[in-house]
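The next block holds one structure in the form of structure tokens; read it before the comments.
Protein chains in written order, with our numbering: chain A, 162 to 732; chain B, 162 to 732.
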């Protein structure tokens, strides 16, 4: 069959049909995160019950996806979040974005209400899609389930799937994707979208793009020249080398230095054992252990940064891939755990459950404060993950995230905005991130505008709104292109390359402001969605206790004025 | 000491001081529910964390309270609700209102953040207030705790206190008050205000009004004549006789007849065993059993309706007082329990925990659907209340109410608005109550505008907004006066009596519209509060599933249009 490029696919779980359509005109210049917002608005999703029949789950391919441009093949997943009640886009690397684009898909929309509780697999290829029984994989963790699926469908397929957490409708459930090596470890983690997939009773979507093809290029020469320019600059950027060697784990020492590393449920900003869980230790450990270890692993084909890693045991067998800084922060220092092996094992378990390590780590931190485990007790933390897997009431509470856990245990120190846990940057010591947490339509999420690299006094309230605004606009732009934040180092050093890539692909004649323009469009749509979903200015606040409880060692509170927060999107 | 009438008392748990002040001019013409809204707005409570230092808990005395006018001595309790996140007023009978008024108090404001976790009793009398240790009563249920307090302070005192649920910060916790016989059974139940009292670490307030006096009357003759007129008409009203004989339990058969009696977690509107749990059966049972039984019990001194009851066992010993229709609906039919003895025992247990029977009954219904008990299994329901008392994680989830329970168990059929459980009227078959649930600033609460007696086709969407609007305005007025809804039968049959009572007490020269005027003022203030707390039109909706899932036997959904809901307060 001929591939219809830049198409919209709809899979209806009620009628068990899959349709392929051209994009409406008004969607054509959008991709990834922006397209999700446009579709959700156009299809009137804002006021619905996120777990009900009217929510939609959308795999949205970024505008640059499909050509293995380094760091530019990410997949955006979106819908109305059961965790925040607002709009949600959560993106990941792996092969899902690339393979969908090779089937011509810009947006894949899963919709409707299942007629029964029988779990389905949805298999798609160049000829369309078909629903098949998932009864032999339901209940399995994502690693086993994806292995079984690859045995059935071959190891060239892409898979996007949920774990037991998503099946149980837990609000910390994400959707895992195969990485380039066929490991189900690239998770669209945040906002509980795995629970939405669970509510649709779809365990996995298997993507067979064997008969697919790359998306067309309007001007191959322009595209290729821009790609070369960008790749060279990215490769030469000093930050790329750091990410290649240390991955995101390098952030542990930096964040600790700023006094912003969440420690023992956000009660401290520095962890006395930070060295033991940081990037340098990890690199040394992996180089020493060898075997399955890899200090520089690419999550997507063609990525030259390779910030991911493979973490092996002392005997060289893989424990988990990757161990990221966010997990080190939330599952490590935030739980008082000072051992990378423990963190890696907890990480694997949370991955296999198909849950978000940030949300679950934060929930465990609150559980520790509520007396359910001692800080530093990795064994007990693992037991609590066992409760989640068993679906006990306690497990379900933890699996529903930090706010549900705080409510249940009557713990006040809950670090969340719009119902979603903060990532591994305490906003009292990196106030730009506090502005992002507070004001992002996505809830507390560093990926929507991380300000830690801004040249600013992070402890001062001054100027943070401007820094966050700029970061939020840029990130919304990258998320619309399918580009990884780290690709941004290359785009920044290769002026015009981004514009040329877009024009080389589509021939739209966009100018140098394309990133900002896409970012602004995206944020505007997302704010419109949240307004229709019932959000207002009072939702754009950090928790009250963070404005009164001082964070050691720098003893600051979050004090960016509300009026400034409220003006952030008046550009 | 001389009593300063119509005064505002403030007890600060941080400084452990109690102050007595004159009312600001702008508060003077308000009482009860309206005064709560005015104070919470003026003192900028709307945006705060309900469980944090900036929330305030206000015992607000209705305008007519203090003279034992039948059914007019209710106490309103208010603050920002941890359950709904919005404004909350919850009122009760008993002696609290009367005794506070005899100390001259119009509003008693509990505020501040406790310096330690040591529980306190606050004792107030005509000379002021003092904090004392509560260590010998902390952890006790409200019955034992209040007994101990009466042993210590004498049996003439009033007591307003929390149970273990409030101590544990559960969002279904209310605040119990002694009835006229010294039994801690008159609960300001809804919205989790007991958790707010718990957050202030106050177990009980003991009110010694031995040296108090009735509030002054501007015109004793006008007041007394109006009271006589009202009392005669109330006594003569046929509805009064029904309430005296059958209490609110008579509603079970009526509501079942409309197909609106919540049955098995709101999955049906009629209960096949309704007769066994209705008013007639209860009356016969109590008359037959004798002993402590009482079919016509007054919760407040001077009430001539006496709709309350004392429910005794087969051997004539009191099980609980009272058994109300709401409890019969939520703890009976909603759990498939067809036995009044079982309902009475569960009722006692929930009372003793200091929790709201509506919220807990609804949570147990969801728990049943989630597989934690079988419908009809009262023994298992009692075990689950044991989990609440023990403070297990499951118990805390249940104690946090129906929404928390639904989230934890991934049950979709959750009957709640603004986070608060619906009362015992399924809004798909009594659509006026659906409008009230959806639009009341208080969340789903029948006491804010019960439409079951309206002469309207309850199954039709037509005209329900008008019916609910009128009921909501009237109820907000009654709640401001300290009057019981059932007193309304008297006021309606004795035109001018309400106006004359207000003028006889205060000399304000109000006209016959006083009830509506007070009601409208109240609603306007409450809507303003909720707006500042972040509520918008999308919060004024029934749950989505109630608009799609048909309720047997009449197979209707809730279909009052959103535009009509949104226009309800455009008067």
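Ideal Cβ placement from N, Cα and C applies to all residues, glycine included.
C-beta neighbour in chain B for residue 699 (chain A), strict 8 Å
yes
Same chain, Cβ closer than 6 Å to residue 363 (chain B), neighbours up to 5 away in sequence not counted:
281 and 283
Excluding the 5 residues flanking residue 286 (chain A) on each side, which residues of the same chain have their C-beta closer than 6 Å to its C-beta?
369
Assigned exposure category for residue 448 (chain B) - 16 Cβ within 10 Å defines buried
exposed
For residue 209 (chain A), return the contacting residues in chain B, with the cut-off set at a CB-CB distance below 9 Å.
705
Within 8 Å of chain A by C-beta, residues of the region 561-579 of chain B in sequence order:
561, 565, 568, 569, 570, 571 and 573
Beta-ladder partner(s) of residue 479 (chain A), from DSSP:
A:473
I want to see whether chain B comes within less than 8 Å of residue 329 (chain A), judged by CB atoms only; does it?
yes
Taking 6 Å as the limit between beta carbons, can you name the residues of its chain near residue 522 (chain A), skipping five residues before and five after?
491, 492 and 495
Residues near residue 552 (chain A) in its chain [Cβ-Cβ closer than 7 Å; skip 5 each side]:
329
Check whether the Cβ atoms of residue 294 (chain A) and residue 516 (chain A) sit closer than 8 Å, and answer yes or no.
no
Please look up how many angstroms separate the CB atoms of residue 605 (chain B) and residue 577 (chain B), rounded, as I've assumed it's under 8 Å.
6 Å
Just to confirm, is the Cβ distance from residue 630 (chain A) to residue 729 (chain A) under 8 Å?
yes
Beta-bridge pairing of residue 250 (chain B) - partner residues as DSSP gives them:
B:239
I'd like the list of long-range same chain contacts for residue 257 (chain B), defined as Cβ closer than 6 Å, with 5 residues on each side in sequence excluded.
236, 319, 321 and 338
Count Cβ pairs between the region 498-515 of chain B and the region 295-311 of chain B that sit closer than 8 Å; are there 3 or more?
yes
Please state if the CB of residue 529 (chain B) and the CB of residue 712 (chain B) are separated by a distance shorter than 8 Å.
no
Spatially closest choice to residue 635 (chain A) from A:617, A:655, A:667 and A:684, by CA coordinates
A:684
Could you pull the DSSP bridge partners for residue 458 (chain A) from this structure?
A:469
Opening and closing residue of the alpha helix (DSSP H) in which residue 539 (chain A) lies
539-551
Which residues of chain B have a Cβ atom closer than 7 Å to the Cβ of residue 558 (chain A), listed in chain order?
554, 558 and 569
Measuring alpha carbon to alpha carbon, tell me which of B:592, B:385 and B:703 ends up nearest residue 659 (chain B).
B:385
Cβ-based neighbour list, residue 212 (chain A), same chain, cut-off 8 Å, excluding 5 preceding and 5 following:
243, 330, 356, 357 and 360
Outcome for residue 220 (chain B) when other beta-carbon atoms lying within 10 angstroms are tallied against a minimum of 16
buried
Residues that residue 543 (chain B) contacts on chain A, provided the C-beta gap is smaller than 8 Å:
Going along chain A, no residue has its Cβ under 8 Å from residue 543 (chain B), so there is no contact; the nearest lies around 18 Å.
Helix, strand or coil for residue 411 (chain A), going by three-state DSSP, please let me know.
helix
Residue burial classification, residue 188 (chain B) (beta-carbon count within 10 angstroms, cutoff 16)
buried
Along the chain, where does the alpha helix (DSSP H) containing residue 220 (chain B) start, and where does it finish?
Here residue 220 (chain B) belongs to no alpha helix (DSSP H); instead the beta strand (DSSP E) covers 218-222.
Using the three-state DSSP reduction, which class does residue 741 (chain A) fall into: helix, strand or coil?
Only positions 162 to 732 of chain A appear in this structure, which leaves residue 741 (chain A) out of reach.
Measure the Cβ-Cβ separation of residue 638 (chain B) and residue 676 (chain B) and say whether it is below 8 Å.
yes
So residue 505 (chain B) packs on residue 207 (chain B), CB below 8 Å; how close in whole Å?
Actually they do not touch by this definition, with Cβ atoms about 39 Å apart.
What's the gap between the Cα of residue 543 (chain A) and the Cα of residue 424 (chain A)?
18 Å
If contact means a Cβ-Cβ distance below 9 Å, which residues of the region 201-229 of chain A contact chain B?
207, 208, 209, 210, 212, 213, 214 and 215
Could you say if the region 465-478 of chain B and the region 398-416 of chain B meet the contact criterion of at least three C-beta pairs nearer than 8 Å?
yes
Which one or two residues does DSSP pair with residue 349 (chain B) in a beta bridge?
B:336
Checking contacts by CB at 8 Å: is residue 695 (chain B) closer than that to chain A?
yes
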